[in-house]
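Report on the following structure.
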Amino acid sequence: MKKFIIVVVCILFSGIALPSEKPLQSMKVGKYPQRWATKYTTKDGLVGENVRAIADCGGGISLGTNAGISAFDGEKWENFTKETAKEQGLNMPNDDITLISCDLFGVIVGTTTGVAVASLFGEGADFFPTGSPVLSIGQIGETSLVGLENGLLTANVEAGKSPDFKPYTLLNGKPIRSIVVDDENAAWIASSDGLYRYDGINLKHFTSGSAGGPVDNDIRSLYLDENGILWIGTAKGLTRYDRKNDWQHITGKNGGLPYEDVLVVTGSNGILWVGTTVGAARWDGKEWHYFQGGRYLPDDRVQAIALTADGAAWLGTPKGASKIEYKMMTLEEKADYILKNLRARHVRYGQVADSRFTRPGDPSSNVLSSSDNDGLWTSMYIAAECYRYAVTGSEEAKRFARQSLEAMMRLQDITGIPGFIARSFAKADEDVGQGGEWNHFTADGQWKWKGDTSSDEVVGHFYGYSVYYDVCATEKEKEEIRPYVHRLMSYIVDNDYYLIDTDGKPTRWGRWNPNFFRRDGRWQRDLNSLEILSHLKTAYHITGDEKFQNEYLKLIREHHYAKHTITQKIKMTTLINHSDDELAYLAYYSLLKNEKDPEIRDYYIKSIRRSQKIEHLERNPLWNFIYGATVATDDLFDLEGSAWTLQHIHPDMIEWGSRNSHRADIEFRLIIGRHLVGALNQASVNVKDIEELLAKGRFGEIESVVPLPADERGMKRWNGNPYALDSGGGGWGEDDGAFYLLPYWMGRYYKFITEEE
Numbered sequence: 140m141k142k143f144i145i146v147v148v149c150i151l152f153s154g155i156a157l158p159s160e161k162p163l164q165s166m167k168v169g170k171y172p173q174r175w176a177t178k179y180t181t182k183d184g185l186v187g188e189n190v191r192a193i194a195d196c197g198g199g200i201s202l203g204t205n206a207g208i209s210a211f212d213g214e215k216w217e218n219f220t221k222e223t224a225k226e227q228g229l230n231m232p233n234d235d236i237t238l239i240s241c242d243l244f245g246v247i248v249g250t251t252t253g254v255a256v257a258s259l260f261g262e263g264a265d266f267f268p269t270g271s272p273v274l275s276i277g278q279i280g281e282t283s284l285v286g287l288e289n290g291l292l293t294a295n296v297e298a299g300k301s302p303d304f305k306p307y308t309l310l311n312g313k314p315i316r317s318i319v320v321d322d323e324n325a326a327w328i329a330s331s332d333g334l335y336r337y338d339g340i341n342l343k344h345f346t347s348g349s350a351g352g353p354v355d356n357d358i359r360s361l362y363l364d365e366n367g368i369l370w371i372g373t374a375k376g377l378t379r380y381d382r383k384n385d386w387q388h389i390t391g392k393n394g395g396l397p398y399e400d401v402l403v404v405t406g407s408n409g410i411l412w413v414g415t416t417v418g419a420a421r422w423d424g425k426e427w428h429y430f431q432g433g434r435y436l437p438d439d440r441v442q443a444i445a446l447t448a449d450g451a452a453w454l455g456t457p458k459g460a461s462k463i464e465y466k467m468m469t470l471e472e473k474a475d476y477i478l479k480n481l482r483a484r485h486v487r488y489g490q491v492a493d494s495r496f497t498r499p500g501d502p503s504s505n506v507l508s509s510s511d512n513d514g515l516w517t518s519m520y521i522a523a524e525c526y527r528y529a530v531t532g533s534e535e536a537k538r539f540a541r542q543s544l545e546a547m548m549r550l551q552d553i554t555g556i557p558g559f560i561a562r563s564f565a566k567a568d569e570d571v572g573q574g575g576e577w578n579h580f581t582a583d584g585q586w587k588w589k590g591d592t593s594s595d596e597v598v599g600h601f602y603g604y605s606v607y608y609d610v611c612a613t614e615k616e617k618e619e620i621r622p623y624v625h626r627l628m629s630y631i632v633d634n635d636y637y638l639i640d641t642d643g644k645p646t647r648w649g650r651w652n653p654n655f656f657r658r659d660g661r662w663q664r665d666l667n668s669l670e671i672l673s674h675l676k677t678a679y680h681i682t683g684d685e686k687f688q689n690e691y692l693k694l695i696r697e698h699h700y701a702k703h704t705i706t707q708k709i710k711m712t713t714l715i716n717h718s719d720d721e722l723a724y725l726a727y728y729s730l731l732k733n734e735k736d737p738e739i740r741d742y743y744i745k746s747i748r749r750s751q752k753i754e755h756l757e758r759n760p761l762w763n764f765i766y767g768a769t770v771a772t773d774d775l776f777d778l779e780g781s782a783w784t785l786q787h788i789h790p791d792m793i794e795w796g797s798r799n800s801h802r803a804d805i806e807f808r809l810i811i812g813r814h815l816v817g818a819l820n821q822a823s824v825n826v827k828d829i830e831e832l833l834a835k836g837r838f839g840e841i842e843s844v845v846p847l848p849a850d851e852r853g854m855k856r857w858n859g860n861p862y863a864l865d866s867g868g869g870g871w872g873e874d875d876g877a878f879y880l881l882p883y884w885m886g887r888y889y890k891f892i893t894e895e896e
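Going by the numbering used here, the residue at position 493 of the sequence shown is 632; the numbering climbs one at a time, nothing skipped.
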């Protein structure tokens, strides 16, 4: 049962409890295990897509599918069907495979109609019809056990003779899903009505609710580990049984199992793997890792698992298989991998652009496209490359930063309006795949540009210019940058703190005017005050024009803009906009770096500390590093959490969707709209009713109380909601990854993180 915390919009967050210990100022981060998935389907060579059985037979992995067997030697697939298997001495009754085993007397293949055995009695092979799908096999002494969908077959095995299988009447009609044999030569048998122990003579039954017994009677899988512990996978979780008196139930609430509807459980060397109807989970003795969605799996139903000697896990689903590995990697190696893909698929005329796929999950099918915020993403990439250049001295990094700087300058030049910047630009006949105001063209008709520019773009330009100017610009480049910053800031100031569009009216979001805040823009006042003060201070720092400093002081003294910044972070849960958080922190950086007056600076420190208290749970490396670089590495500076997040960001930037709202291990909070204030309270709420209403889209949404690891969520930049549980995305695009590169290289630049040799 999910645990909900009810949150209504009129209730504000209280302060977040912070750790009392002072975090480290700097951290060495060495190689760490990075999750990695390689998916295989019929398009990659599998003979069938429904993978129901997997076994490591020494020479490679074998997958049993609905259309035969596919064997992989590490480089290529080789397929075996009823016809082709004859050449290997294996008599398969049909191609609908349900089981593969290589750990008894030879290769045993279960199908929907019988068992095929190769090399069991010496040379040759044999086939034994069962009349029912084969689900499991076992061997106790000289007795072979075959579990079927409708019962158990037993037979005594004598060398040179074919076994005479007979039904074991006490288990007639029951699905025998799993059989394991212990060191006492007894078989443990999983069925839909509980757990059985069979020693060849006696049958003992263990059921849920009795003195001991599994957590549920619907048992799907059994695994006997190296220490003799029996792991029991059921429809309602796991049970750990020492085969004596100790029954321990592992569910979402007790033990942190991500999802309880278990289909298969196995393990090796202290590592436990669990396949469920919605994803797979791995237990390393300390924590669970959850694998769900297209990033990891062809399908969420994980119905077969095999572990190989190299530590990889092969997961079978109805639509193919996945090989899950943990590759040792450094943060810099991940940065190199992400950068390679960014340069290959995300650079359009120097702008950092979106990449859409014409075939889901296939980067080779990418098509560059525009977004509303090409300028913002480009500016963040510029900053990342500047920091990389400063840390490594890489001329490549400087060249890439310069290329994108020129693109950002062109966003101003292309409009033909001194100081007005475009959202994006493209060739006149180019299909950029986005709506918006693309109805502006250059005088020669060769190029088009996108208008209705937002405050996001303005924040990006000032941030990008600021970092480039301070970190990697030559004196000549500083001279180039100054007029662009001067024109942009003058355009806003001279238009009474509005960003005026080509129609003579303010753009939708380009509004920093004091009267606007008093009339219509009260809810924008505090963040926009922070933005415009940062822009003015940055412009003064770069250009030296006293006009900008005077305007800056005027807004502070006459209109209280510095005071407004203190409450820029919106605290009402349903009004939180993480895109605004991103704009705020980028603005904080330049403002706090350049403001030296202690009285004015005190407002900004109060503002960012208030924001950091609220943001602390997110373990966001960019927010933390901006805070540490401009204020202090104090109790609000979470260095360990930042490194943890950087490690958990997956290098695969493909936009796969994810689901987590079904999970049993997460504490949820329910966000309820204003019209329902007072209608529900924690004492009277019926969780089932809430879930049904949410499923119908009636009101509100659910979030996690603490953000999940980034590699268990959908692909999100820092402007996305890290508390969101579910996200769409079918692999039809790829993020550029600059959201990782920026905090990583910024952390290196400020020596918050260092790479171990």
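Idealized CB from N, CA, C, for every residue including glycine.
Quick one: what's Thr180 bridged to in DSSP? Walking along the sequence shown from the start, residue 180 turns up at place 41. Within the DSSP secondary-structure output, Thr180 pairs in no beta bridge.
The alpha helix (DSSP H) enclosing Ile107, as first and last residue numbers: What the structure shows of the chain is the stretch from 140 to 896, and residue 107 is not part of that stretch, so it cannot be assessed.
Worksheet item: When the Cα atoms are used, what is the spatial distance from Asp659 to Gly643?
Response: Taking the sequence shown and counting its residues from 1, the one referred to as residue 659 is at position 520. Taking the sequence shown and counting its residues from 1, the one referred to as residue 643 is at position 504. Rounded to the nearest angstrom, the two C-alpha atoms are 19 Å apart.
| Buried or exposed: Trp386, going by 16 or more other Cβ atoms within 10 Å of its Cβ? | Along the sequence shown, read from residue 1 onward, the residue named residue 386 stands at position 247. By the 10 Å Cβ count, Trp386 comes out buried.
Using a 10 Å radius around the Cβ and a threshold of 16 neighbouring Cβ atoms, would you call Thr554 buried or exposed? Sequence index remark: in the sequence shown, residue 554 carries index 415 (1-based). Classification of Thr554: buried, given that the 10 Å Cβ count is 16 or more.
- Looking only at DSSP bridge pairs, what is Ser563 linked to? If you number the sequence shown from 1, residue 563 lands on position 424. In DSSP, Ser563 forms a bridge with Lys589.
>> In the DSSP output, what is Met467 paired with across the bridge?
In response: Within the sequence shown, the letter at position 328 stands for residue 467. Beta-bridge pairing links Met467 to Pro172.
- request: State the DSSP-derived secondary structure class of Ile247, mapped to helix, strand or coil.
  value: For the purposes of this step, residue 247 is taken as residue 108 along the sequence shown, with counting starting at 1. The answer is strand: DSSP assigns Ile247 an E or B state.
> At which residues does the beta strand (DSSP E) containing Ala329 begin and terminate?
Replying inline: For the purposes of this step, residue 329 is taken as residue 190 along the sequence shown, with counting starting at 1. Run containing Ala329: Ala326 to Ser330, per the beta strand (DSSP E) assignment.
query: Just how far apart, CA to CA, sit Val632 and Phe564?
result: The residue labelled residue 632 in the question sits at position 493 within the sequence shown. The residue labelled residue 564 in the question sits at position 425 within the sequence shown. When rounded, the distance between both Cα atoms is 25 Å.
Can you list, in chain order, the residues of its chain with a C-beta nearer than 7 Å to that of Ala194? Leave out the 5 residues immediately preceding and following it.
The count along the sequence shown starts at 1 and reaches residue 194 at position 55. For Ala194, where only same-chain residues beyond five positions count, the Cβ hits under 7 Å are Ser201, Ile239, Ser240, Cys241 and Ala445.
Check: Should the stretch 408–420 be regarded as contacting the stretch 167–185, the criterion being three or more beta carbon pairs within less than 8 Å?
Finding: no
- Item | Three-state class that DSSP yields for Asn218 in the structure shown | On the sequence shown, position 79 is the one that residue 218 refers to. Three-state DSSP puts Asn218 in a strand.
> DSSP beta-bridge partners for Ser201?
Replying inline: Here residue 201 corresponds to residue number 62 of the sequence shown, with the count starting at 1. DSSP lists Ala194 and Ala210 as partners of Ser201.
**Message:** I'd like the list of long-range same chain contacts for Thr682, defined as Cβ closer than 7 Å, with 5 residues on each side in sequence excluded.
**Reply:** The sequence position of residue 682 within the sequence shown is 543, counting from 1. Cβ neighbours of Thr682 beyond the five flanking positions: Arg621, Val624 and His625.
- Following the continuous alpha helix (DSSP H) through Pro653, name the residue where it begins and the one where it ends. Locating residue 653 in the sequence shown gives position 514, where the first residue counts as 1. Residues Pro653 to Arg658.
* Looking at Ile765 and Leu722, is the spacing between their C-beta atoms short of 9 Å? -> Here residue 722 refers to the residue found at position 583 of the sequence shown. Here residue 765 refers to the residue found at position 626 of the sequence shown. No.
Supposed contact pair Gly796 and Gly867 - C-beta distance, whole angstroms, cut 8 Å:
As a working mapping, residue 867 is identified with position 728 in the sequence shown. As a working mapping, residue 796 is identified with position 657 in the sequence shown. About 5 Å separates the Cβ atoms of Gly867 and Gly796, confirming a contact at the 8 Å cut-off.
Handout entry: Test item: CB-CB of Arg798 and Gln542 under 9 Å
Key = Mapped onto the sequence shown, residue 798 falls at position 659. Mapped onto the sequence shown, residue 542 falls at position 403. No. Outside cutoff.
- Just reading off the alpha helix (DSSP H) that Glu616 is part of, what are its end residues? For the purposes of this step, residue 616 is taken as residue 477 along the sequence shown, with counting starting at 1. Taken as a continuous stretch (DSSP letters only), the alpha helix (DSSP H) holding Glu616 covers Glu614 to Asp633.
- [ ] Inspect the CB distances between the stretch 454–465 and the stretch 215–224 and report whether three or more fall short of 8 Å.
- [x] no
ask   = Between the C-alpha atoms of Lys735 and Leu785, what's the straight-line distance to the nearest angstrom?
value = Against the sequence shown, residue 735 aligns to sequence position 596. Against the sequence shown, residue 785 aligns to sequence position 646. Cα to Cα, the separation comes out at about 32 Å.
_Assumed close pair Gln490, Ala567 - CB separation to whole angstroms, cut-off 8 Å_ = For the purposes of this step, residue 490 is taken as residue 351 along the sequence shown, with counting starting at 1. For the purposes of this step, residue 567 is taken as residue 428 along the sequence shown, with counting starting at 1. No, Gln490 and Ala567 are not in contact; Cβ-Cβ is about 16 Å, not under 8 Å.
Q. How would you label Arg484, buried or exposed, when you count the other beta carbons within 10 angstroms and need 16 or more for buried?
A. Position 345 of the sequence shown, counted from the first residue, corresponds to residue 484. Buried is the call here.
### Query
Since Val530 is in the alpha helix (DSSP H), which residue starts that stretch and which ends it?
Within the sequence shown, residue 530 is the residue found at index 391, counting from 1. Here the alpha helix (DSSP H) through Val530 covers Asp513 to Thr531.
With hydrogens ignored, establish whether the beta-carbon of Gly886 is closer than 8 Å to any heavy atom of the ligand SAM. Looking at this structure, you won't find the ligand SAM or any other ligand, since it has none at all.
Check your understanding: Rounded to a whole number of angstroms, what is the C-alpha to C-alpha distance between Gln442 and Leu672?
Key -> Your numbering for residue 442 matches position 303 in the sequence shown. Your numbering for residue 672 matches position 533 in the sequence shown. If you take the alpha carbons of Gln442 and Leu672, they lie about 57 Å apart.
For the alpha helix (DSSP H) that Pro499 lies in, which residues bound it at each end? Your numbering for residue 499 matches position 360 in the sequence shown. Counting along the chain, Pro499 falls outside any alpha helix (DSSP H), and DSSP gives it neither H nor E.
Residues in the same chain with beta-carbon distance under 7 Å from Gly921, minus the five sequence neighbours each way, listed in chain order, please. A query on residue 921 cannot be resolved here, the shown segment of the chain reaching from 140 to 896 and no further.
Any idea what DSSP makes of Ala771, helix, strand or coil? Translated into positions along the sequence shown, residue 771 becomes position 632. Coil at Ala771, not helix or strand.
(message) Let me check understanding here. Comparing Cα to Cα, which of Asp773, Asp875, His755 and Leu881 lies closest to Pro861?
(response) Taking the sequence shown and counting its residues from 1, one reaches residue 861 at position 722. Of the candidates Asp773, Asp875, His755 and Leu881, the one whose C-alpha sits nearest the C-alpha of Pro861 is His755.
| query | Which whole-angstrom value is the C-beta distance of Ala325 and Tyr337, which I expect to be below 8 Å? | reply | Here residue 325 is taken as the residue at index 186 of the sequence shown, counted from 1. Here residue 337 is taken as the residue at index 198 of the sequence shown, counted from 1. At roughly 7 Å, the Cβ-Cβ gap stays under 8 Å, so Ala325 and Tyr337 are in contact.
(request) Give the C-beta separation of Leu402 and Thr390 to the nearest angstrom, bearing in mind that I take them to be a contact with Cβ-Cβ under 8 Å. (result) Position 263 of the sequence shown, counted from the first residue, corresponds to residue 402. Position 251 of the sequence shown, counted from the first residue, corresponds to residue 390. Leu402 to Thr390, Cβ: 16 Å. No contact.
First and last residue of the beta strand (DSSP E) that includes Phe601? Indexing the sequence shown from 1 puts residue 601 at position 462. Counting along the chain, Phe601 falls outside any beta strand (DSSP E), though it belongs to the alpha helix (DSSP H) covering Ser594 to Val606.
task: Quickly, what does DSSP pair Met166 with across the bridge? List them, please.
output: The residue you call residue 166 lines up with position 27 of the sequence shown. Answer by DSSP bridge pairing, in chain order: Ile892.
Margin query: Which of the three DSSP states is assigned to Gln431 in this structure?
Written below: Counted from its first residue, the sequence shown places residue 431 at position 292. Gln431: coil per DSSP, three-state reduction.
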